[in-house]
Amino acid sequence: MLKKILIIEDHRELASQMRTYLERGGYGVETAGSYYDALDKLDIGCDLALLDINLPDKDGYHLIERGKQKDVRVIITMVKNDESFIVKAFDQGGGRLF
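So this is what it looks like as structure tokens:
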């Protein structure tokens with residue numbers, strides 16, 4: 045059972061909307077707006093990460109591997125529908141939320 049979800053999204057309004065819906069569903073939610081903030085919060089722990097690959101300070105692909113090391117499931121959320129981005133995300137071990 046999922047208890048804590050980490051939203052890794054640099055667009056504050058979108059992250060806020062996602063947080064609101066998930067909290068209404070009874071989930072504990074943390075947000076991170078950058079790669080380095082997400083690293084810290086992944087180390088603290090969560091059950092699931094919703095990851096925007098396109099972060100302002102570093103791409104999020106490395107966070108997929110970090111999540112796997114911490115036994116965190118990662119779902120990729122991205123605006124780009126570019127096949128190379130999608131393949132790279134799957135190769136790193138992420139899933140995609142359509």
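Start counting the sequence shown at 45; every next residue gets the next number (our numbering).
Positions of the beta carbon are idealized from the N, C-alpha and C atoms, including for glycine.
Query	Result
List in chain order: all unbroken alpha helix (DSSP H) runs of 4+ residues lying wholly within the segment 57 to 122.	79 to 88 and 105 to 113
Can you look up L46 in the DSSP assignment and give me helix, strand or coil?	coil
Please identify the residue among Y71, D87, A82 and D115 whose C-alpha is closest to the C-alpha of D96.	A82
Less than 7 Å between the CB of Q113 and some heavy atom of the ligand MG, yes or no?	No copy of the ligand MG occurs in the structure displayed, which carries no ligand at all.
Using 10 angstroms around the beta-carbon of Y79, count the other beta-carbons present and answer buried if the total reaches 16, otherwise exposed.	buried
On a CA-only basis, which of R110, V73 and K48 is nearest I59? Give me that one, please.	Ile is not the amino acid found at residue 59; the sequence shown has Ala there. When each option's Cα is compared against that of A59, the closest is V73.
Any idea if I120 is buried or exposed, counting beta-carbon neighbours within 10 angstroms, 16 or more meaning buried?	buried
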